[in-house]
Each structure stands twice: as structure tokens, then as C-alpha cells.
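Data block below; observations after.
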């Protein structure tokens with residue numbers, strides 16, 4: 001099909017130009033690289049251990065785990081959209097207000113106008129997309145910095161919320177919406193005894209087993225495909241160890257949840273979103289182009305990336321996820337209020353940066369942002385369990401954010417000087 | 420005459436896993452112009468960073484003696500106080516400030532914290548006279564060209580009462596006229612008693628201006644040559660730099676030229692920043708299959724502007740003219756159009772326009788051809804890896820693996836990644852803008868081999884270069900561009916540097 005393949009371009013190994021042999025550098029570089037990308041997960045594990053000890057194990061009690069997930073689900077959903085915005089080198093300050101206005105819209109539709117909830121949900125999501133398109137237009141096609149456009153959006157959409165709601169909340173929401181935000185899967189298959197752990201929901205456990213098998217299978221397939229293409233892979237023992245660790249983590253989470261009230265619906269939603277967006281970021285052309293734009297905008301243009309269109313759709317996506325978060329937040333409170341979503345944008349941005357996003361763009365992972373959000377969630381939860389006043393929680397969260405970014409900058413600088 | 424103003428001895432500087440300098444010695448005589456030559460990565464810039472205190476005392480081993488004193492600089496301010504000023508390749512001027520403000524930035528003419536603007540502008544004016552720059556000191560730096568900005572940098576150095584001036588690739592971005600002026604200026608400064616250390620890839624300039632030359636290779640001092648005593652030639656320096664005699668700087672090639680591949684007719688482009696100014700004016704070019712065609716022109720002649728405006732209109736406004744691909748007229752309105760029609764453009768500024776420096780090799784290579792590596796929007800990562808591996812081998816990209824970050828590669832290897840990226844798009848026409856800029860001699864040869872191989876495969880290659888010998892050694896035909904107009908078309912047999920230079924300057928009076 002091609003007139004030239006790379007193999008055709010044989011080059012004589014004449015000349016000793018370029019990097020001279022640097023033995024030992026690979027492993028050193030590999031190790032420090034590993035530390036940089038996995039530091040966040042190590043930190044997360046340490047924080048969990050710390051608060052487990054401080055709370056005498058209350059942190060990891062079934063009900064508390066469930067609480068952490070349900071109480072922070074909307075921030076985590078926002079963080080997924082935010083990490084993509086930040087990877088592309090932009091920022092979105094308006095998500096809190098968009099959460100409020102979409103929640104208000106959903107309330108007006110469902111409560112005041114009696115629109116059936118699936119239709120109302122769909123309309124709300126479309127409205128979120130339109131809000132994203134509005135901001136995306138000014139940013140991508142008109143060329144105004146995202147900071148300004150979304151700062152304006154923060155005010156505009158808060159004003160819109162207040163106009164719609166006046167000074168009071170609208171509620172209550174239909175049961176289905178509340179279930180999505182707050183509820184749990186039904187114990188369709190009944191309970192099963194787990195010996196000393198007591199009864200647990202069989203359905204939840206089965207979902208957990210399916211997830212583990214699915215993960216292991218996907219990893220194994222990827223590994224054999226990599227081998228087939230002659231790529232380096234982890235040695236079998238390490239590979240199995242990693243799978244086992246992942247499986248143990250999922251199993252622990254699912255068993256704890258099954259012992260409490262089954263799986264929270266928002267966890268199911270969140271899992272689907274994380275999986276879908278991780279795949280999108282890594283494996284699709286669109287996802288690659290986001291990284292390319294953030295890494296070097298000019299080079300992306302010269303490589304044929306339709307930068308404007310990509311940026312536009314990133315903000316549309318942010319609007320959609322904000323609308324989902326808006327409905328879930330309103331559903332959880334069972335009321336859409338005028339102050340809903342206040343400072344959510346800051347939590348989402350902090351989650352992204354704690355999760356390893358780079359301030360200049362081009363770097364970041366969906367799973368990282370989720371981990372960053374969970375770190376803050378665990379700090380919040382753990383500190384309130386031990387009775388810390390809220391100002392101290394704020395202090396610690398601020399320090400963690402600063403430390404996380406400082407660590408990122410420090411590792412980058414070290415990498416830079418080792419040239 | 421044998422008094423040394425600077426003596427660096429036994430300098431060793433290591434980074435984690437790499438020894439950048441190994442027992443390097445440098446002795447500079449007072450009042451001379453001392454050139455430092457070496458391939459990229461030989462350690463020239465690192466040595467200068469040690470000297471100027473960028474790497475403070477304690478981070479390296481060895482001794483620096485300046486003006487008879489042992490120096491232990493803790494930072495750039497220390498070295499500047501001693502009278503050592505370094506001017507980097509990338510100019511460090513603040514574009515929105517005036518010339519005078521830039522000259523006295525960090526060194527303000529002030530009394531009790533209040534800046535004396537009259538004194539600032541007056542003294543700046545005196546300095547500008549000294550460097551031969553006829554500009555008002557209150558002119559904003561972004562309004563003057565790169566050549567003049569270089570002179571402002573030197574004026575700034577003079578304001579600090581410099582004794583030793585270090586210039587890192589001072590003429591890399593300058594046209595011949597500005598380069599000549601700069602070299603004259605350096606001679607003048609030498610006569611005033613200022614010692615200069617100059618790092619340069621342009622060996623003809625080194626021959627023309629330097630009193631002695633120190634050659635570095637792989638972090639070692641190879642030799643110091645006295646230009647007056649030893650009869651030093653370019654080939655002599657090159658053989659020191661690469662550690663072998665370079666009998667042939669260009670690989671041999673027997674051209675096999677086919678029918679017309681690409682043609683531009685009556686191409687006119689206006690400047691996006693200066694309304695009404697034609698940057699390219701009615702240019703017409705034609706490339707044949709299997710042919711390597713050169714495009715010569717001085718800085719500002721519109722070479723890059725011509726190439727970029729053709730490549731998906733990435734430069735310029737009110738573009739008019741016709742483009743023919745294989746005899747058929749095509750419209751290349753976007754980069755996607757250009758790629759689809761088999762036209763590739765490898766930029767002159769690979770760090771700014773060519774590469775995502777924080778990304779790895781394989782994703783840089785695939786960046787312009789994700790469509791070809793994907794199905795329904797899903798990238799086949801295994802195929803991407805395989806292709807990148809193949810290029811790493813065939814292009815001799817020196818890196819531990821295709822997962823290595825591109826920003827850490829040397830210039831030559833980065834350029835190979837850029838070329839790989841465009842070869843992957845299976846183009847019929849390649850426009851290579853300064854393909855060997857900032858690349859060491861050995862890697863240049865490899866790039867030439869790649870270009871020859873592309874032509875052998877029947878592709879049409881347009882090479883834009885500031886180095887006339889490169890065009891003469893590589894091309895079958897050379898177009899000259901002057902002030903946006905094609906002023907000549909010279910076949911290889913008739914091309915000489917003098918003839919090209921005549922055409923390149925035609926119509927400028």
C-alpha cells in the first residue's frame with residue numbers, strides 16, 4: 001500500500017553523533033520515572049493507613065467506605081472532565097455554577113413541570129452540553145483564555161441559577177433520581193454468609209468477581225499482544241503480583257460494600273465513566289490529540305490536529321459531566337439549591353493537580369485525578385471522624401495540594417538537570 | 420601575550436548517570452577571541468555554564484582561575500561581578516521593554532530606588548553607538564530584528580563592564596550581513612581589550628575571527644590550536660571534533676529524476692502582522708520525482724513563510740496562487756489536506772513546531788499519522804510501537820527505547836524523530852526546512868543519507884537551508900529567493916556559492 005516503509009530508510013551507522021553511550025541510565029531513569037508516576041498511589045495508600053490508625057479502623061468500616069464514595073461522587077465526576085481540560089492546557093472555573101444551574105434546571109423540569117425523569121435527565125444533559133459549547137466557542141474559536149471565559153461563566157451561570165430558583169430550593173426529586181444519587185443496587189440474589197464477616201449481598205459480590213476476572217483478562221490480553229509485537233513486558237511473577245494486588249483491592253472494596261448496603265449506584269456510574277474515559281484518553285485519536293495539544297500546541301497544529309475542534313469538544317464534555325454531577329448532587333440533597341456546587345471547581349481542580357496533572361498541560365491521567373479526589377475525600381472524612389474542626393481540614397488540604405504540586409515540580413527539575 | 424586571563428583546569432561535571440565533562444582544560448589569553456568547537460553534546464555549553472556559575476562551585480570538580488584569582492562562583496551574579504558575561508543562544512531580552520530598559524535590567528540607573536530615565540537613555544545611547552546599532556534607546560525590543568537584538572545583548576554586556584564575553588552560537592539566527600557586522604564588532608571589542616569566548620558551529624566564521632580554538636569531544640578537551648601558528652583549516656577542526664578525517668561531508672548519490680511531482684505557481688502571501696506587506700511575491704517552483712531541490716535565501720527572504728503557507732496555510736494571510744500535485748491542481752487549505760495529498764513539512768524549529776518534548780518517541784512519530792494507525796478512532800498501540808521500533812532502527816535514533824522522552828534526546832536524534840514522523844505519513848513531497856540546524860557533523864551526514872534515500876524512492880524533496888555548501892553538496896537544482904521573489908534557478912553543475920549569493924541579494928538595492 002505504501003511506496004515507502006520505515007525499513008526502506010536504511011541509514012549507515014556512520015558518525016558517532018548524538019548521545020554517547022550512557023550505561024546505567026536506563027534503569028536510573030526508569031526508577032525515577034516510576035516514582036514520579038506512582039508516587040500519588042503510594043501517598044494514597046499511606047494516607048489510608050494513617051487515618052485507619054488514627055480512627056481505630058473506623059475509616060474502612062463498610063458504611064464509611066460507602067459514605068466516602070457517595071459523598072464525593074460528584075467531585076470525582078467533575079475531576080474526570082477537569083483532568084482532560086487541564087491536560088489540554090486550559091482550566092474551567094465555572095463547573096460549580098454549572099452544577100448549580102443544571103441541578104436547578106432538572107428540578108424545574110421534574111418537580112415544577114412534571115416532565116418524566118428520563119426525559120428531564122436527557123434535557124439537562126443536553127443543556128450541560130450547550131453550556132460547554134458556549135464556553136468552548138469563546139475559548140477555542142474566539143481565542144479568549146479559558147480562565148477568563150470560565151470566570152465569566154462562573155458568574156453567569158450562578159446568576160442564572162438564582163434567577164431560576166429565586167432564593168429557595170426546589171424539591172423533592174423523583175425516587176429514581178434519588179436512588180441514582182444516593183441509593184444502592186437491589187439485593188436481587190439475596191444475601192450470602194461470609195462467616196465472621198456476617199451477611200453480604202451476593203449480587204454485589206458477583207459484580208466484584210466479574211470485575212476482577214474482566215480486569216485480569218484484559219491485562220493478560222494486552223500483555224500477550226505486547227509480547228506478540230516484540231514489546232518488553234513485566235516478568236510473569238510481577239505481572240501476576242500486580243493482578244493479585246488489584247484483585248485484592250477490588251475484592252476488599254466490594255466485600256465491605258456488600259456487607260453494608262450493596263453497591264451504590266453512583267459507584268457503578270463512576271466505574272463506567274473512569275473506564276470509558278481512561279480508554280478514551282489513552283487509546284483514541286481524540287484522546288491522543290488532547291495530550292498533543294497540551295504538550296506542544298504549535299507542534300500539534302503542524303501535525304494536523306484540529307486544535308480548535310478538540311478544545312471545543314473538551315469543554316462540551318466538561319459541560320455534560322457537570323450536568324450529570326449537577327443532577328446527582330441535587331438528587332442527593334433531594335433539592336436544587338441556589339448555593340449548590342459552591343467551590344466545586346476548586347475541589348475538581350485540586351483533585352486533578354494532586355493526581356499528577358502538570359500546570360503547563362500535556363500530562364495527567366483520569367485515574368490520577370480520581371485518586372487525587374479520593375485523597376482529599378479520605379482526608380476530609382478521616383479528619384471529621386477524629387473530630388478535627390473544619391478550618392484544620394482546610395489547612396491540611398491546602399498543604400497537601402501545595403506539597404503534591406511541589407513534588408511534581410521537584411521531580412521534573414531533577415529530571416531536567418540530569419540531561 | 421602569553422598571559423592568560425582565564426584558566427580552567429581539571430573540570431569534571433557529572434549528572435546522574437552521565438559524565439558531561441571529564442578533566443577539561445581551557446586556557447584563554449587576554450585580549451584574544453577564543454573559539455570553542457565540538458559536536459552537540461560535546462560539553463561546550465556545560466563548560467560555559469560551569470564558568471558562569473550556572474552550576475555553582477561545589478557541583479563540579481576542578482579549578483577556575485580568572486584574572487589570577489581562584490574563583491568559586493555561587494551564581495551568575497558572582498561571575499558577572501568578576502566581569503564574565505555570557506550571552507546565550509536564545510536571547511534573554513524582554514520583548515515588551517525598550518532597548519534601554521533591557522540593557523539596564525537588573526542593573527538600573529537609579530537613585531534611592533527611583534530610576535533616572537534621562538541617564539538610562541543617555542548611557543544606553545552611548546552603548547548603542549559602541550556596538551554600532553542605530554536605534555533609539557526607547558524603541559521596544561520586539562520592534563527590532565534578531566540581529567539588532569543580538570547587538571542589544573552585547574550592549575547590555577558592555578554596560579556591566581565586561582572583561583570576558585562569552586557568546587553561545589551568536590550568529591546561528593543571523594543572516595550573513597548581520598553576522599558579518601557582529602564579527603566586525605567582536606574584532607573591535609578585542610581591540611578595546613575585551614576577551615571573547617565564542618561557541619560556534621559555523622567553522623568558516625571560526626576560521627575568520629578566532630585567534631585560537633579549543634576542541635571538545637565527548638566531554639574531553641581534544642586540543643587547543645593557535646590559528647596563527649598552526650595552519651588551521653575547516654577540515655582540520657572537523658577532524659578534531661569528530662575524531663576522524665572527514666574526507667567526504669556528503670554521501671554520494673546518482674540522481675534518478677522522473678516526471679513532475681509538485682508545482683507552485685504565482686504564489687503570493689501577505690504578512691499577518693504587517694498589513695499590506697508581501698512576504699512571498701509571485702513565487703513559482705517545480706519539483707520532480709526523485710529530485711532534491713534547494714531553496715536558498717537570506718534570513719527574511721521568505722523561505723519558511725513560503726513553505727508554511729503552502730503546507731496547509733499555516734502562515735500568512737490573503738494567500739493566492741495555484742498548487743499542482745502530480746500535474747493536478749489541489750487545494751491545501753489545512754494541514755490535514757496537505758497530509759492527505761502527500762505533502763510533508765519538517766519545520767526549522769523542531770522544539771517549537773516539530774515535537775512534543777514531554778512525550779515519548781513513539782507518540783511523537785505517530786502524531787501526524789494517527790489516522791493511519793487507528794480504526795474508527797481507536798489507536799492501535801501495538802502497531803504504533805512496532806512502527807516506532809522500526810524507525811528507531813532504520814533511522815538510527817540513539818535512545819534506550821521508543822518510550823524515551825523526546826526532550827532528552829540530542830538535536831540530531833530529535834531531528835530523526837521529526838523526519839520519521841513525516842516519512843510515516845507516506846508523503847510524495849517533503850519540504851525539509853533547515854534539516855541540519857543545530858546538529859553535529861556526524862548526525863548531519865546521517866540526515867543527508869536519509870534525504871538521499873528519500874529521493875531514491877522517488878520522492879520529491881525541497882531542502883531549505885542557510886548553509887550554501889550544504890545546498891551545493893546535496894541538491895540537483897537550487898532556487899534562490901530574495902525578498903519573497905524567486906530570483907533564480909540554478910542547476911547543480913552551474914551552482915557556486917558566489918552565484919547563489921549574487922541571486923540571493925538581487926533586487927535588494
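Protein chains in written order, with my numbering: chain D, 1 to 419; chain X, 420 to 928.
The C-beta atom is built at its ideal place from N, Cα and C for all residues, glycine as well.
Being a predicted model, the structure only gives us computed values, none of them experimental.
- Taking the Cα of residue 696 of chain X as reference, the smallest distance to any Cα among X:704, X:683, X:738, X:712 is reached at X:738.
- 9 Å or more divides the Cβ of residue 447 of chain X from the Cβ of residue 430 of chain X.
- Among the CB atoms of chain X, one or more fall inside 9 Å of the CB of residue 286 of chain D.
- Less than 9 Å separates the beta-carbon of residue 321 of chain D from that of residue 128 of chain D.
- With 16 or more neighbouring CB atoms inside 10 Å of its own CB, residue 706 of chain X falls in the buried class.
- Taking a C-beta distance under 9 Å as the contact criterion, residue 99 of chain D and residue 329 of chain D qualify as a contact pair.
- Minimum Cα-Cα distance from residue 426 of chain X among the listed residues X:488, X:839, X:916, X:492 corresponds to X:488.
- In the three-state reduction of the DSSP assignment, residue 191 of chain D falls in the strand class.
- Residue contact with chain D for residue 635 of chain X: absent (no Cβ-Cβ distance below 9 Å to any residue of chain D).
- The stretch 817–893 of chain X is shown to contain whole alpha helix (DSSP H) runs of 4 or more residues at 830–842, 860–875, 887–893, in chain order.
- Here residue 441 of chain X has 431, 638, 639 as same chain residues with Cβ atoms under 7 Å from its own Cβ, once five neighbours each way along the sequence are excluded.
- When C-alpha distances from residue 105 of chain D are compared across D:267, D:87, D:250, D:171, the shortest belongs to D:171.
- Inter-residue distance for residue 512 of chain X and residue 560 of chain X is about 8 Å (C-alpha atoms, whole angstroms).
- Chain D places a beta carbon closer than 9 Å to that of residue 758 of chain X, counting this residue as a contact.
- Using a Cβ distance threshold of 9 Å, residue 851 of chain X and residue 825 of chain X do not count as a contacting pair.
- In the same chain as residue 519 of chain X, and ignoring 5 residues on each side of it, the C-beta atoms closer than 7 Å to its own belong to 539, 540, 543, 556, 557, in chain order.
- Excluding its 5 nearest sequence neighbours in each direction, residue 139 of chain D has C-beta neighbours in its own chain below 7 Å: 90, 146, 149, 311, 315, listed in chain order.
- The stretch 68–80 of chain D makes contact with the stretch 364–377 of chain D, as at least three CB pairs between them are under 8 Å.
- Using a Cβ-Cβ cut-off of 9 Å, residue 755 of chain X counts as an interface residue toward chain D, since at least one Cβ of chain D sits closer than that to its own.
- In this structure, residue 796 of chain X keeps its C-beta atom at 9 Å or more from the C-beta atom of residue 305 of chain D.
- The beta-carbon distance between residue 63 of chain D and residue 260 of chain D, rounded to whole angstroms, is 5 Å. This is short enough to meet the 8 Å contact definition.
- Shortest Cα-Cα distance from residue 588 of chain X to any of X:525, X:743, X:617, X:564 involves X:617.
- Under the three-state reduction of DSSP, residue 734 of chain X is assigned to coil, being neither helix nor strand.
- The beta carbon of residue 510 of chain X sits closer than 8 Å to those of 565, 568, 569, 572, all from its chain and outside the five residues before and after it, given in chain order.
- Not a single C-beta of chain D is nearer than 9 Å to the C-beta of residue 693 of chain X.
- Across the structure, residue 191 of chain D and residue 111 of chain D are spaced so that their CA atoms are roughly 36 Å apart.
- By the criterion of a C-beta distance shorter than 8 Å, residue 870 of chain X is surrounded in its chain by 711, 851, 854, 880, 882, 893, once the five residues flanking it on both sides are discounted.
- DSSP places residue 642 of chain X in the strand class (E or B) of the three-state scheme.
- In this structure, the beta-carbon distance from residue 298 of chain D to residue 734 of chain X does not fall below 9 Å.
- The C-alpha of residue 230 of chain D is placed about 39 Å away from the C-alpha of residue 463 of chain X.
- With the rule of 3 Cβ pairs closer than 8 Å, the stretch 264–280 of chain D does not count as touching the stretch 191–206 of chain D.
- By the neighbour-count criterion, in which a residue is buried when 16 or more other Cβ atoms sit within 10 angstroms of its Cβ, residue 265 of chain D is buried.
- Going by C-alpha positions, residue 756 of chain X is about 7 Å away from residue 750 of chain X.
- Straight-line measurement puts the Cα of residue 500 of chain X at about 15 Å from the Cα of residue 475 of chain X.
- Contact check for residue 67 of chain D against residue 178 of chain D fails: the beta carbons are separated by 9 Å or more.
- Following the DSSP letters along the chain, one finds residue 480 of chain X inside the beta strand (DSSP E) bounded by residues 480–485.
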